[in-house]
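Student: According to the working numbering, the sequence shown holds residues 3 to 397 in order. We put the beta carbon where it would ideally sit given N, CA and C, even for glycine.
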Amino acid sequence: MSSVLRCSGYNLVKTDMVRGEGCYLFDSAGRRYLDLEAGVWCMALGHSHPRINRAIYAQGQRVSHIGFRYTAQVVETAAEALIDSLKIPGGKSLFLSSGSEAVEFSVQAARRITSRPLLLTLSNTHLAAYGSAGQKDGEEWFCFDWHACAGCTRADCHPGCILLAPIPFDRVGAFVFEPGSSSGLVRFPPRMLIETFARTVRGQGGLVVVDEVTTGLGRTGAWYGFEHYGLEPDLVALGKGLGNGYPVSAVAMTGGVAQSLTGEGFRYAQSHQNDPLGCAVAKEVIAAIQEEGLVERSRRVGARFLRGLEAVGEGCGLVRDVRGRGLMLAVELAPGLACEVYRALLDRGFLAGYKPETNLLRFYPPLTLEENDVDRFVENLAQVMGIIETEKRDR
Ligand SMILES: Cc1ncc(COP(=O)(O)O)c(C=O)c1O
3 MSSVLRCSGY NLVKTDMVRG EGCYLFDSAG RRYLDLEAGV WCMALGHSHP
53 RINRAIYAQG QRVSHIGFRY TAQVVETAAE ALIDSLKIPG GKSLFLSSGS
103 EAVEFSVQAA RRITSRPLLL TLSNTHLAAY GSAGQKDGEE WFCFDWHACA
153 GCTRADCHPG CILLAPIPFD RVGAFVFEPG SSSGLVRFPP RMLIETFART
203 VRGQGGLVVV DEVTTGLGRT GAWYGFEHYG LEPDLVALGK GLGNGYPVSA
253 VAMTGGVAQS LTGEGFRYAQ SHQNDPLGCA VAKEVIAAIQ EEGLVERSRR
303 VGARFLRGLE AVGEGCGLVR DVRGRGLMLA VELAPGLACE VYRALLDRGF
353 LAGYKPETNL LRFYPPLTLE ENDVDRFVEN LAQVMGIIET EKRDR
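(1) How big is the Cα-Cα spacing for Gln385 and Val303?
(2) What whole-angstrom Cβ distance do Arg173 and Arg118 have, given they're in contact under 8 Å?
(3) For Glu23, collect the residues of the same chain with a Cβ closer than 6 Å to its Cβ; drop the 5 residues on either side in sequence, then sort them by chain order.
(4) Which of the three DSSP states is assigned to Leu233 in this structure?
(5) For Tyr248, I'd like the list of residues in its chain whose CB is within less than 6 Å of its CB, leaving aside the five on either flank, ordered along the chain.
(6) What I want to know is whether the C-beta of Asp213 ends up closer than 8 Å to one or more non-hydrogen atoms of ligand 1.
(7) With a 10 Å radius around its C-beta and 16 neighbouring C-beta atoms as the bar for buried, classify Ile389 as buried or exposed.
(8) Just to confirm my understanding: we take Leu165, look at its own chain, exclude 5 residues before and 5 after, and list those with CB closer than 7 Å. What are they?
(9) For a test of your reading of the model: does the CB of Val42 fall under 8 Å from any non-hydrogen atom of ligand 1? Yes or no.
(10) Whole angstroms is fine: what's the gap from Ala57's alpha carbon to Arg345's?
(11) How close, in whole Å, do the beta carbons of Pro368 and Leu47 come, if the pair is a contact with beta carbons under 8 Å?
(12) Which of the three DSSP states, helix, strand or coil, is assigned to Leu165?
(13) Entirely within the region 280-354 and at least 3 residues each: give me those beta strand (DSSP E) ranges in chain order.
(14) Between the region 203-218 and the region 174-189, are three or more C-beta pairs nearer than 8 Å?
(15) Taking 8 Å as the cut-off, does the CB of Ser183 come closer than this to any heavy atom belonging to ligand 3?
(16) Can you tell me whether Asp86 is buried or exposed? The criterion is at least 16 other CB atoms within 10 Å of its CB, across all chains shown.
(17) With the cut-off set at 9 Å, would you say Ala332 and Leu363 are in Cβ contact?
(18) Can Ser108 be considered in contact with ligand 1, in the sense that its beta carbon sits closer than 8 Å to one or more heavy atoms?
(19) Under 8 Å by Cβ, that's how I've got Leu279 and Ser66 pegged, so tell me the actual separation to the nearest angstrom.
(20) Starting from Val402, follow its DSSP beta bridges and name the residues at the other end.
(21) Can you find at least 3 beta carbon pairs, one from the region 232-246 and one from the region 194-201, that sit closer than 8 Å?
(22) Quick check on this structure: which residue in Gly69, Tyr72, Phe70 and Val76 has the alpha carbon closest to the alpha carbon of Ala60?
(23) Can you tell me whether Thr123 is helix, strand or coil according to DSSP?
(24) Please state the DSSP three-state secondary structure of Glu23.
(25) So Phe379 packs on Leu38, CB below 8 Å; how close in whole Å?
(26) Give the straight-line distance between the Cα atoms of Lys138 and His128, rounded to the nearest whole angstrom.
(27) Which residue or residues does DSSP assign as beta-bridge partners of Phe171?
(28) Keeping to the same chain, check which residues put their C-beta closer than 6 Å to that of Phe268; ignore five residues upstream and five downstream.
(29) Alpha carbons only, please: which of Asp158, Pro170 and Ala111 is nearest the one belonging to Gly140?
(30) Would you say Arg397 lies against chain D (beta-carbon separation less than 9 Å)?
(31) Rounded to whole angstroms, what's the CA-CA distance from Asp277 to Gly315? Just pull it up for me.
(32) Just the C-alpha distance for Arg33 and Gly351, rounded to the nearest angstrom, thanks.
(33) Please go through the same chain and pick out, in chain order, the residues whose beta-carbon is closer than 7 Å to the beta-carbon of Arg299, but skip the five residues on each side of it.
(34) Cβ-heavy atom distance between Lys357 and ligand 1 below 8 Å?
(35) With DSSP run on the structure shown, which of helix, strand or coil describes Lys357?
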């Protein structure tokens, strides 16, 4: 019997993973599995990356944690690297421990600066495991269902539109935008709508907060997901890939936001804030993404992956939709099939993501994914779908 409490909502499938290397996990029998979800979308550089292992060891030898009254050069260097990657001249950042914490910090900061009661977000957005951003209480959050806007062909998206009219923009302190993971559904809100929200909220004194926990650092084939929307955010929350498996997250902000927070006497004291060890990892991850050209690679390999999935869809009546941006992709299947396909892929050595209630297979692999692994996976998926389709026909 296990002494571990499990409450993620996901059932345990394998209990004997012993090692990770690159895009692969290995079980105790030495069988390898292509990890197409990069853990929980965290292993941007792949498992056991030598460069990150070296950075962890080297910083651990120096100093891993330090009190609020002290700091180390690596914290400054990591903050500069992050701000440079975001192109926020004069910006500032701080390092925290999880994506949820980075989003919650951003929300608290926006509330403090604007003194407005409401935050606006899109209805299928997962922002955090806890706190105000996790609960999205109706008193504090206006969650806009954008599906009616998805097919809109008008060129004049504006706050007076009948669909947007119920939004009390004058009470909104911030538009909190997550650019496309959409709770793992891989849905991309229309650019015009997002730009209207950002412009209107800003125009009435609010801020634009972007949650890049999943979409940041190359995942969508751009450095940041907000680049697909032409936004200039006031605050950006990051996590997951930033630590490549080490729990470090960050909030980056414009100089103006940082100044307002300081002026307001904003306090947020958490023990692992700006830890040198987390900063050493974040700095190394950003450098590796830059030096190894992983943003461009995500775009290129992601496009090949998408084409492969589309080809599977064209040849199979059980595939309802295929969508993706960079290395964030999904295949929507006929209802009730996701678990069966997931199991069949697992037997063939592939770890796909799925949630039974969504009929989706999803893929957020390491950005280091090789093209031959994409091709091998697509071939296996086509075979699995073909077998299931034949079985269904013969039943
Ligand atoms: C878009 C987004 N924001 C925030 C979070 C929360 O991050 P964490 O689980 O690291 O707390 C997640 C987690 O999946 C996420 O996908």
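Tutor: Looking at the coordinates:
(1) If you number the sequence shown from 1, residue 385 lands on position 383. If you number the sequence shown from 1, residue 303 lands on position 301. Whole-angstrom Cα-Cα distance: 21 Å.
(2) In the sequence shown, counting from the first residue as 1, residue 173 sits at position 171. In the sequence shown, counting from the first residue as 1, residue 118 sits at position 116. Indeed they touch by this definition, with Cβ atoms about 6 Å apart.
(3) If you number the sequence shown from 1, residue 23 lands on position 21. So the qualifying residues of the chain are His49 and Ser50.
(4) On the sequence shown, position 231 is the one that residue 233 refers to. Three-state result, Leu233: coil.
(5) As a working note, residue 248 is residue 246 in the sequence shown. The answer, listed in chain order, is Val283.
(6) Here residue 213 corresponds to residue number 211 of the sequence shown, with the count starting at 1. Checking the Cβ of Asp213 against ligand 1 gives yes.
(7) The count along the sequence shown starts at 1 and reaches residue 389 at position 387. That one is exposed.
(8) Taking the first residue of the sequence shown as 1, we reach residue 165 at position 163. Excluding residues within five positions, the ones whose Cβ falls inside 7 Å are Ala150 and Cys151.
(9) If you number the sequence shown from 1, residue 42 lands on position 40. Result yes, Cβ under 8 Å from ligand 1.
(10) In the sequence shown, the residue the question calls residue 57 occupies position 55. In the sequence shown, the residue the question calls residue 345 occupies position 343. Whole-angstrom Cα-Cα distance: 36 Å.
(11) One-based indexing of the sequence shown puts residue 368 at position 366. One-based indexing of the sequence shown puts residue 47 at position 45. Going by Cβ atoms, the distance from Pro368 to Leu47 rounds to 6 Å, so yes, they are a contact pair.
(12) Residue mapping note: residue 165 aligns to position 163 of the sequence shown, counting from 1. Three-state result, Leu165: coil.
(13) 321-327 and 330-335
(14) yes
(15) Absence of ligand 3 is noted for the structure shown, with ligand 1 being the only ligands found.
(16) Along the sequence shown, one-based indexing puts residue 86 at 84. Looking at its Cβ environment, which holds fewer than 16 other Cβ atoms inside 10 Å, Asp86 is exposed.
(17) For the purposes of this step, residue 332 is identified with residue 330 of the sequence shown, where counting begins at 1. For the purposes of this step, residue 363 is identified with residue 361 of the sequence shown, where counting begins at 1. The answer is yes: Cβ separation under 9 Å.
(18) Within the sequence shown, numbered from 1, the residue matching residue 108 stands at position 106. Because no heavy atom of ligand 1 lies under 8 Å away, the Cβ of Ser108 does not count as near it: no.
(19) On the sequence shown, position 277 is the one that residue 279 refers to. On the sequence shown, position 64 is the one that residue 66 refers to. The Cβ separation is near 4 Å, so the contact holds.
(20) One cannot answer for residue 402 here, as it falls past the ends of the chain, which runs 3 to 397.
(21) yes
(22) The residue labelled residue 60 in the question sits at position 58 within the sequence shown. Ala60 has its Cα closest to that of Val76, out of Gly69, Tyr72, Phe70 and Val76.
(23) As a first step, residue 123 must be located in the sequence shown, where it is residue number 121. Correct three-state label for Thr123: strand.
(24) Within the sequence shown, the letter at position 21 stands for residue 23. Per DSSP, reduced to three states, the secondary structure at Glu23 is strand.
(25) The sequence position of residue 379 within the sequence shown is 377, counting from 1. The sequence position of residue 38 within the sequence shown is 36, counting from 1. About 7 Å; that satisfies the 8 Å criterion.
(26) The residue labelled residue 138 in the question sits at position 136 within the sequence shown. The residue labelled residue 128 in the question sits at position 126 within the sequence shown. Computed Cα separation, rounded: 10 Å.
(27) Residue numbering aside, residue 171 sits at position 169 when the sequence shown is read from its first letter. Answer by DSSP bridge pairing: none, since Phe171 is not bridged.
(28) On the sequence shown, residue 268 is found 266 positions in, with the first residue counted as 1. Excluding positions up to five away in sequence, the list reads Arg114.
(29) As a first step, residue 140 must be located in the sequence shown, where it is residue number 138. Scanning Asp158, Pro170 and Ala111 for the CA closest to the CA of Gly140 turns up Pro170.
(30) Looking at the structure shown, chain D is missing, and only one protein chain is on hand.
(31) The residue you call residue 277 lines up with position 275 of the sequence shown. The residue you call residue 315 lines up with position 313 of the sequence shown. Rounded to the nearest angstrom, the two C-alpha atoms are 46 Å apart.
(32) Working through the sequence shown from its first residue, we reach residue 33 at position 31. Working through the sequence shown from its first residue, we reach residue 351 at position 349. For Arg33 and Gly351, the distance between alpha carbons rounds to 8 Å.
(33) By 1-based counting over the sequence shown, the position of residue 299 is 297. For Arg299, where only same-chain residues beyond five positions count, the Cβ hits under 7 Å are Leu369.
(34) Your numbering for residue 357 matches position 355 in the sequence shown. For ligand 1, not one heavy atom lies less than 8 Å from the Cβ of Lys357.
(35) To locate residue 357, count along the sequence shown from 1; it is residue 355. Looking at Lys357 - three-state DSSP - the assignment turns out to be strand.
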